[in-house]
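Some notes on the structure that comes next.
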Amino acid sequence: EVWQNDTLIERVQLTDATDRTIKLDGNTIVLSGKTAKIADADCRDQVCVRTGILTHAGQAAVCLPHRVVLKLVGVNDSGIDAVVS
Ligand SMILES: [Zn+2]
125 EVWQNDTLIE
135 RVQLTDATDR
145 TIKLDGNTIV
155 LSGKTAKIAD
165 ADCRDQVCVR
175 TGILTHAGQA
185 AVCLPHRVVL
195 KLVGVNDSGI
205 DAVVS
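The numbering of the sequence shown is my numbering, which starts it at 125 and goes up by one.
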């Protein structure tokens, strides 16, 4: 999921064949296979870029200056978000 300003911008199902770049205002997100990362950003702290590649559900990369959140969300076969109890 890609969020900016508390709004869901994109929700992409990741597969082994995913190869996609999403350009946001200030951030470039790259989806590659079942991984995602903020590849480029023009913010000053670069914390989002240094977070690196996300590979597991529950991981997230956040760009506070641009209010961008990139997160991997686990989905089970029924399409309902996985819940850990
Ligand atoms: Zn950033």
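For every residue, glycine included, the Cβ atom is placed at its ideal position computed from N, Cα and C. Small disclaimer: the values here were computed from a predicted structure and weren't measured.
If distances are taken between C-alpha atoms only, which option among Thr-139, Asp-169, Asp-140, Gln-128 comes closest to Ile-153? Selected option, being the one with the closest Cα: Gln-128.
Through-space distance from Val-193 to Lys-147, alpha-carbon basis: Distance between the alpha carbons of Lys-147 and Val-193: 13 Å.
Residues near Arg-191 by beta carbon distance below 7 Å, same chain, minus five either side: Excluding residues up to 5 positions away in sequence, Gln-128, Asn-129 lie with their Cβ nearer than 7 Å to the Cβ of Arg-191 in the same chain.
Go to Arg-144, then tell me how far its beta strand (DSSP E) extends in each direction, as first and last residue. From DSSP, the beta strand (DSSP E) with Arg-144 extends over 143-147.
Just verifying my parser: in three-state terms, what is the DSSP assignment at Val-154? Val-154 carries a strand assignment under DSSP once its states are collapsed to helix, strand and coil.
Considering only DSSP beta bridges, list what Val-192 is partnered with. Looking at the DSSP output, Val-192 bridges to Gln-128, Cys-187.
Thinking C-alpha only, which one of Lys-161, Leu-196, Thr-139 is nearest Val-171? Taking only the C-alpha atoms, the option nearest Val-171 is Lys-161.
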